[in-house]
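Residue numbers (full-length UniProt numbering), protein chains in the order written: chain A, 1 to 146; chain B, 1 to 445. Note that CB positions come from ideal geometry on N, CA and C, so glycine has one too. Reading through the C-alpha cells given below for one structure.
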C-alpha cells in the first residue's frame, strides 16, 4: 500500500517534471524556427492598436483569437469579412453602433486611432491559427473561395 | 474555535458575502442585456459589467481563501496568529484595492485583459497586500508547534498563487504572447494552485467532520494534488490550440487535458469515501453538505464539462463560444465557491458559538443555489451548442445567431433567480450567526 512519503514524492516529483517540460515547450514554441505568431510584422502602429484594444477593454464584449466575452462578434479575420471602410465607420461614429439591436459603446475614435486598430486587426489576420481562422470566419473563407 | 485570532476569518468571510452579492447583481445586468434589456448601457456597458462580474468573483474567492487560511493555520499550527492587527490592515487594504478597481472599471480604468483587468498601478498594491497576507500565514506556520500536510498544502497553494500573479504583469507587444502568459496566471491558478488551496481546505474539513485519521486523509491529499499538477500544468496547452502557437500544444494539451478530470474524480471519490469511512458524525451537517457538494460538483463542472470541450477536434468549434461560459460557471461554483461556502458553514458556529447546524433555511440555501447553478449551466450549454452549430457549421451571421439563442438567456435569468434566492438564504444564515466572540473559545462542537 502507498505510504504517505511515497505519495509526497509522487506529488513533488510529478510537479517538478511537468513544470520543467512546460517551460521547455514554451521556449520551443517561441523559438525563431517554430514561431507562428507573426511576431516579425509587429509595427509601432500595431502596438498602438493593441494598446487601444486593451485601454477600452474590447475583449469585454468581443473575442479575438477566440478569447473574450462572446457578447459581440469575433474580430479575427474581421477585415476579410467586413472590409476596412465598415470597420472604420464603426470605430469613428459618435453614435452607439447597434446592429440587430445590440449596442456597442460609441467610442468616436479619431481617424488615426481607427487606423491603428485596423493595423492591429490586420496583423492578427496573418497569425497561423492552426486552422481556427477558417472555422471562426466562414464568411471570409467563402469570400476567398469565390 | 481554539484560538482568539481565528476570529479574523469572520471579517474576510463577511467581505466575501458582500462581494458575492455584487457579483450576482452584475451578472443580472449582463443576462438582461443579452435579452435586449440594456437600459443601463450608457452607465454600465457590457464590458464594464463583465469585468466587474469576473473580478468580483476572483476577489470574493480570494477573500474566502484568505479567511479560510486565517481560520485553519492557527488551528493546524497550534498557536495564535503572529499579528492580528496586521491581518486587519490586510483585510482593509484588500477591500480598498478591490473597491478602487471596481469603481475604476466604470470609468474606463483597466487593462482590458480577460480576468486580469486590474490596472497596473493597482497590481502593485495587490502584490503588497498578498505579501503581507503570506508573511502572516507563513510566519505563524513556521513558529507553530506543528506543520501539518494540510497546512503546508494550503500555504503552498497560496504562495504559488501569489508567484503566478507575476507573469500576468509582464508587458508584451504581441497579442499572442500576452494571451499565452495570461493563461500562466488564469489557468495555472484555477486548474493548478487553487486546487491546492481547495485540497487543503477540503482536507481540513474532512479531518474535522469525519474523524478519519489525519495520516490517511493527508496521504490521499498528496495523491490528489499530485494528479492535479501532473495533468493541469501541461493541460494549460488546451488554451494554446488556436491562439497562434505551435501545433505541439494540440497533442500535449489534448492528452494532459484528458487526464484533468481524473484529479477531480479522485477528489470526489476521496471525499465520499472518507465520509463513509468516518465514524465520527459531526453535528454540523450543513458544512458536510457543502464539503461533499464541492468535491462532487467540481468533478462535474471542472472535470467532465471541461473535458467536454478540451479535445482539440471539439475545441476547434467551441473555442470562443458560450460553451466556455457553460463550463466556467459550474467549474468555479463547484470547485471554489462551494468550498469557500463550506469552510464558512463549518467555522461560523465555532466562531460565534451559535450552532445553527441544520436549519431548514441552510438546507434550502444549499439546494436552491445548486439547482439554480446547474440550471444556468444547462442554459449556457444549450445556447453554446446552438451557437456552435448555427455560426460555425451553418455559417450564420453572429448577431442573427445571438437573436436565435436569446430565449436560452430567459431560462438563464430564471435559474439565476433561483441561485440568488439560495445565496440570499445563505447570507441570512450568515447574519443570524451574529458576530464572533471570545466566549466561543470554550465551546466544543
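Sequence-distant Cβ neighbours of residue 125(B) in its own chain, meaning closer than 6 Å and more than five residues away, are 97. With at least 16 other beta carbons inside 10 angstroms of its own, residue 133(A) counts as buried. Inclusion of residue 327(B) and residue 300(B) in the CB contact set at 8 Å is not warranted, their separation being larger than that value. The segment 37-50 of chain A makes contact with the segment 174-185 of chain B: 3 or more CB pairs, one atom from each, lie closer than 8 Å. Checking the DSSP bridge columns, you'll see residue 63(A) partnered with 68(A) and 74(A). For residue 314(B), the uninterrupted alpha helix (DSSP H) run begins and ends at 312-318, by DSSP. Residue ranges of uninterrupted alpha helix (DSSP H) with 4 or more members, entirely inside the segment 68-135 of chain B and ordered along the chain, are 84-105. Out of 408(B), 310(B) and 426(B), the CA that lies nearest to the CA of residue 360(B) is found in 426(B).
In the three-state DSSP reduction, residue 154(B) falls in the helix class (H, G or I). Interface flag for residue 48(A) against chain B is unset, since no Cβ pair is found closer than 8 Å. With its beta carbon at least 8 Å from every one in chain B, residue 78(A) lies outside the interface. Only exposed fits residue 9(A), as fewer than 16 other CB atoms lie within 10 angstroms of its CB. For residue 67(A), the nearest CB of chain B lies under 8 Å from its own CB, placing it at the interface with that chain. Rounded to whole angstroms, the Cβ separation of residue 91(A) and residue 76(A) is 17 Å, and the two are not in contact under 8 Å.
In the DSSP assignment, residue 88(A) falls within the unbroken alpha helix (DSSP H) covering 84-92. Residue 435(B) counts as exposed, since fewer than 16 other beta carbons sit within 10 angstroms of its beta carbon. Excluding its 5 nearest sequence neighbours in each direction, residue 122(A) has C-beta neighbours in its own chain below 7 Å: 79, listed in chain order. Residue 380(B) carries a helical assignment under DSSP once its states are collapsed to helix, strand and coil. Annotation for residue 36(A): 128 place their beta carbon closer than 6 Å to its own, counting only its chain and skipping 5 residues before and after.
Relative to residue 136(B), the option among 71(B), 113(B), 318(B) and 107(B) whose CA is nearest is 71(B). The continuous alpha helix (DSSP H) containing residue 424(B) extends over residues 398-432. Residue 57(B) and residue 19(B) have their C-alpha atoms some 8 Å from each other. With the rule of 3 Cβ pairs closer than 8 Å, the segment 45-56 of chain B counts as touching the segment 98-117 of chain B. With fewer than 16 neighbouring CB atoms inside 10 Å of its own CB, residue 213(B) falls in the exposed class.
Excluding residues up to 5 positions away in sequence, 205, 209, 342, 345 and 346 lie with their Cβ nearer than 7 Å to the Cβ of residue 287(B) in the same chain. When the Cα atoms are used, residue 74(A) and residue 320(B) turn out to be separated by approximately 8 Å. With respect to chain A, the C-beta atom of residue 267(B) has no partner C-beta closer than 8 Å. Across the segment 34-53 of chain B, CB contacts with chain A closer than 9 Å involve 34, 36, 38, 41, 42, 45, 46, 47, 48, 49, 50 and 51, in sequence order along the chain.
Between the C-alpha atoms of residue 222(B) and residue 21(A) there is a straight-line separation of about 21 Å.
Against chain A, a Cβ distance below 7 Å from residue 319(B) picks out 66 and 132.
When 8 Å is used as the limit between beta carbons, residue 128(A) is near these residues of chain B: 244, in chain order. Straight-line spacing of the CA atoms in residue 83(A) and residue 118(A) works out to 10 Å. Taken in chain order, the complete beta strand (DSSP E) segments of 3 or more residues contained in the segment 266-302 of chain B number zero; there are none.
The beta carbon of residue 144(B) sits closer than 7 Å to those of 77, 78 and 79, all from its chain and outside the five residues before and after it, given in chain order. Closest in alpha carbon position to residue 232(B), among 353(B), 254(B), 246(B) and 242(B), is 254(B). Here residue 6(A) carries a helix assignment [DSSP, helix/strand/coil].
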